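A.B. asks: One structure is given below, represented as structure tokens, and several questions about it will come after.
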Amino acid sequence: MEERKKDCIMKKNKNFIGKKAARFKKKIKSVGKEIYVKRELYYLMAPYLVLFAVFTILPVIMSIVLSFTNFNMLELPDFVGWSNYKRLFIADREFIIAIKNTLILALVTGPVSYILAFVIAWLINELPKKMRSIMTLVFYAPSISGNAFLIWTIIFSGDVYGYANAYLMEFGITSEAIQWLKDPQYILLIVIIVQLWMSLGVSFLAFIAGLQGVDKSLYEAGAIDGIKNRWQELWYITLPSMKPLLLFGAVMQITSSFATCAVSIQLVGFPSVQYAGHTIVIHLMDYSGFRYEMGYASAIATVLFLTTLGANLIIQKLLRRVGS
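Just so it is clear: in the sequence shown, position 183 is 169 by the numbering used here, and no numbers are missing.
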């Protein structure tokens, strides 16, 4: 009886694998046929596809391969298996701190800046044309101003001349200056505030463009179909019409949140006090740019890549439900 059961299970597994393989072959044939039919379009896209493959896909593959080696750029890579990953999650205390800080940054600045960018864009889109142009420039300016975030070092300066300390002492909230950028209690909070301020621009501009592109006749059709207020217009017409730009904005926000580096280094230094402002990208830069442990740095990059990819997939699933 047990042998018959095993045979049945093996036959079911074979049938299942066979069906999967047949579907995969059918899909490959279908894609190949579609590429052949639209081959002129692929000829035009070929230069970009080649550059994308060379400068994006190939480095990612090389990084994943190097993450299983010990490579110092002077000698040939030495295969070490999963050692780099074991060291990362078991023996590297700074990496665990970097993961915690990066996740906090991503969870706070990602959704908050994404929602804020859309709400501000939605409100500004209602303004007259001239006023809308001025306000768009005002909100987009921080993103194109390079190191404009350094003004925050003046605001959070640790002496009595810093704006934050001056106002707090004037209103009697504190009696002495707070070391905002040296005290681990405040460092991550300051980095989050500044990163939030910096990350509004790109998504905001995409949302403004998306709102301008919504077909006005859809609102008239929606009113005939029973849409009664602005919230229903937003959910059933505006957001579904902007799905590609919503996805673009989400990807940009996630990427910038997980890639926080310059803001932290410029504000709180490298390394920050007790690694309070340490992020995964700073950890990656440390091992690749200073210690030249490229295999270990590749493992850090792979973890960051997989985390960002997972976050993007989750966001895509959530955005599919918009307007449903």
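From the three backbone atoms N, C-alpha and C, an ideal C-beta is built for every residue, glycine too. Note that the structure is a prediction, hence the values are computed from the model and not measured.
With distance defined between alpha-carbon atoms, name the residue in LEU253, GLY208, ALA245 and ALA195 nearest to LYS229.
C.D. replies: Of the candidates LEU253, GLY208, ALA245 and ALA195, the one whose C-alpha sits nearest the C-alpha of LYS229 is ALA195.
A.B. asks: Answer with buried or exposed for THR288, where buried requires no fewer than 16 other C-beta atoms within 10 angstroms of its C-beta.
C.D. replies: Burial call: buried.
A.B. asks: Is the beta carbon of LEU74 closer than 8 Å to that of ALA285?
C.D. replies: It is a contact, given that the beta carbons lie within the stated cut-off.
A.B. asks: Report all residues from its chain with a CB closer than 8 Å to the CB of TRP198; omit the five preceding and five following residues, and keep chain order.
C.D. replies: In the sequence as presented, Trp is not what sits at residue 198; that position holds Gln. Contacts found: ASN111.
A.B. asks: How far does the alpha helix (DSSP H) with GLN260 in it extend, from its first residue to its last?
C.D. replies: Premise fails: GLN260 is in no alpha helix (DSSP H) and is neither H nor E.
A.B. asks: Rounded to a whole number of angstroms, what is the C-alpha to C-alpha distance between SER242 and LYS(-3)?
C.D. replies: Answer to the nearest angstrom: the Cα atoms are 49 Å apart.
A.B. asks: Less than 8 Å between the C-beta atoms of VAL180 and TRP138, yes or no?
C.D. replies: Yes, they are a contact pair.
A.B. asks: Do you know how far the Cα of LEU37 is from the Cα of GLU26?
C.D. replies: When rounded, the distance between both Cα atoms is 18 Å.
A.B. asks: Expressed to the nearest angstrom, what Euclidean distance is found between the alpha-carbon atoms of ILE223 and ILE210?
C.D. replies: Cα to Cα, the separation comes out at about 13 Å.
A.B. asks: Based on the DSSP output, what are the partners of ASP64 in its beta bridges?
C.D. replies: Beta-bridge pairing links ASP64 to ASN56.
A.B. asks: Please give me, in chain order, every unbroken run of the alpha helix (DSSP H) with length at least 4 that falls completely inside the segment 102 to 148.
C.D. replies: If we require 4 residues or more, the alpha helix (DSSP H) runs fully inside the segment 102 to 148 come out as 115 to 130 and 137 to 141.
A.B. asks: Would you mind giving the Cβ-Cβ distance between ILE176 and LEU91, rounded to the nearest angstrom? I have them listed as a contact below 8 Å.
C.D. replies: Not quite, the Cβ-Cβ distance comes to about 12 Å (not below 8 Å), so this is no contact.
A.B. asks: Starting from the Cα of ALA297, find the closest Cα among CYS247, GLN239 and PHE256 and give me that residue.
C.D. replies: Nearest of CYS247, GLN239 and PHE256 to ALA297, Cα basis: GLN239.
A.B. asks: Specify the secondary structure class of TYR278 as computed by DSSP and reduced to three states.
C.D. replies: Coil at TYR278, not helix or strand.
A.B. asks: Counting along the chain, where does the alpha helix (DSSP H) carrying GLN181 start and finish?
C.D. replies: 170 to 184 is the span of the alpha helix (DSSP H), which, as asked, contains GLN181.
A.B. asks: From VAL254 to THR294, what distance separates their C-alpha atoms?
C.D. replies: Going by the C-alpha atoms only, they are around 25 Å apart.
A.B. asks: Using the Cα positions of ALA152 and THR160, report the straight-line distance between them to the nearest angstrom.
C.D. replies: C-alpha separation (whole angstroms): 10 Å.
A.B. asks: Can the beta-carbon of ASN56 be found less than 8 Å from the beta-carbon of ASP64?
C.D. replies: Yes, the pair counts as a contact, with Cβ atoms nearer than the cut-off.
A.B. asks: Looking at C-alpha atoms only, which residue of ILE268, LYS13 and LEU182 is the closest neighbour of ILE101?
C.D. replies: ILE101 has its Cα closest to that of LEU182, out of ILE268, LYS13 and LEU182.
A.B. asks: I'd like the span of the alpha helix (DSSP H) that includes LEU220, first residue to last.
C.D. replies: Run containing LEU220: none; DSSP gives neither H nor E here.
A.B. asks: Comparing alpha-carbon positions, which option in ILE50, ALA283 and PHE276 lies nearest ASP351?
C.D. replies: Past the boundaries of the shown model lies residue 351; the chain is included only from -13 to 310, so the question cannot be answered.
A.B. asks: Going by Cα to Cα distance, which pick from VAL17, ASP169, LEU204 and SER53 is closest to MET280?
C.D. replies: That would be SER53, whose Cα lies nearest to the Cα of MET280.
A.B. asks: Where does ASN215 land, buried or exposed, given buried means 16+ other C-beta within 10 angstroms?
C.D. replies: By the neighbour-count rule (16 or more Cβ atoms within 10 Å), ASN215 is not buried but exposed.
A.B. asks: Do LEU191 and SER227 have their C-beta atoms closer together than 8 Å?
C.D. replies: No. Outside cutoff.
A.B. asks: When you compare each of LEU232, TYR172 and ILE85 to CYS247 by their alpha carbons, which one comes out closest?
C.D. replies: Considering only alpha carbons, the answer is ILE85.
A.B. asks: For a test of the three-state rule: what should DSSP assign to ALA32, helix, strand or coil?
C.D. replies: In the structure shown, ALA32 sits in a helix (DSSP, three-state: H, G or I).
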